Ligand code: HEC
């Protein structure tokens, strides 16, 4: 619960207030909205190994819903990779890594 509050707070800080009023889920539209950027990156760069819900675990990846990494460690792992997980520093900007890390934090229950 605390984590989701932090997640939402960070997400709002990330997108600014421009989209804050528009919080309706739009998962079925083709155009990604800016407040969904972390989810979009996750879908295109991470879900093939980790699954849409974070629990697929291809190649021995831990369930992201049960991960104990803090936000800083999570960002480092996304940036640098680990084991069979590829590094994303060449593919994603720092802002995009922030966004997807926030999204991954939000997968935890
Ligand atoms: C090619 C498959 C692959 C892709 C793509 C991938 N991962 Fe991973 N991920 C792994 C594997 C394998 C591990 C386990 C690494 C290890 O500990 O040796 C892992 C581990 C992790 C962990 C650590 C979990 C823990 O608690 O130890 C996080 C967080 C994570 N991935 C997030 C992401 C995110 C976010 C993306 C997209 C930007 C992503 N991964 C893309 C395969 C992948």
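Numbering (our numbering), first residue to last: 52 to 160.
A virtual CB, placed ideally from N, CA and C, is assigned to each residue, including glycine.
Nothing here was measured: the structure is a model prediction, and the numbers come from that model.
Asked, Found
"Listed by chain order, which residues have C-beta atoms less than 7 Å from any heavy atom of ligand 1?", "92, 93, 96, 97, 99, 100, 101, 109, 110, 111, 112, 113, 115, 118, 119, 120, 125, 128, 129, 133, 134, 135, 136, 137, 139, 143, 151, 152, 155"
"Pull up the distance between the alpha-carbon of residue 88 and that of residue 131, whole angstroms please.", "20 Å"
"Can you look up residue 133 in the DSSP assignment and give me helix, strand or coil?", "strand"
"How do the region 88 to 97 and the region 121 to 128 stand: do at least 3 beta-carbon pairs fall below 8 Å, yes or no?", "no"
"Taking the continuous alpha helix (DSSP H) assigned at residue 104, which residues delimit it?", "Taken as a continuous stretch (DSSP letters only), residue 104 belongs to no alpha helix (DSSP H), as it is neither H nor E."
"In this structure, does DSSP put residue 124 in helix, strand or coil?", "helix"
"I need the straight-line Cα distance from residue 160 to residue 109, nearest angstrom please.", "21 Å"
"Just checking my contact of residue 105 with residue 115 at CB under 8 Å: how many whole Å lie between their CB atoms?", "3 Å"
"Going by DSSP in three states, residue 139 sits in which element: helix, strand or coil?", "coil"
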